[in-house]
Amino acid sequence: MSSASRNKAITVLPAPPMPPQRLVEERFKQERLHDVQLLLQDLFVREEATVTLIIESLYDVGAINIINKKVAFPPLNRFLKAIVGFPKPIALRFIVRWFKNKCPGILSRWLYSKVSF
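Residue numbers for the sequence shown, in the working numbering: 68 to 184.
Spelled out as structure tokens, the structure:
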């Protein structure tokens, strides 16, 4: 690479200002997205038992799938499947807390991506 090409400065032009109508629309979209996130948070708080049952079911299926994929030796496979339930109560507490904190934002951004073109 020559020294002339290394010394060239990159100029970044500022973005043109947005028209006022566009700013109003952007603010409206952000408010509605925030409303969706709050509604999802409220839903997860009210339906905590349902969320816990869903996560518990997914934990069971995921644990069995991981054991079947990683452990081919049948006696060890059966043993691991038998003891996989012991850490479940502790794991569920952490997973449900993470779910209630992070999932509304993740879901609202995903839903927004589905309606934006």
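Quick reminder that beta carbons are idealized off the backbone N, C-alpha and C, glycines included.
P154 and F146 have their C-alpha atoms some 14 Å from each other. Within the same chain, Cβ atoms closer than 6 Å to the Cβ of T119 are found at V163, the five residues on either side in sequence being excluded. Taking a C-beta distance under 9 Å as the contact criterion, K167 and Q108 qualify as a contact pair. DSSP places S175 in the uninterrupted alpha helix (DSSP H) bounded by K155 to V182. With contact defined as three or more Cβ pairs closer than 8 Å, the segment 170-181 and the segment 91-104 are in contact.
Per DSSP, E123 is one residue of the alpha helix (DSSP H) stretching across E115 to K137.
A149 carries a helical assignment under DSSP once its states are collapsed to helix, strand and coil. Closest in C-alpha terms to K148, from the list I134, L159, A158 and A139, comes I134.
For a cut-off of 8 Å, the C-beta gap from E123 to L90 is around 45 Å, too long to register as a contact. Taking each of G172, Y126, L110 and R94 in turn and checking the Cα distance to P156, the smallest one comes out for Y126.
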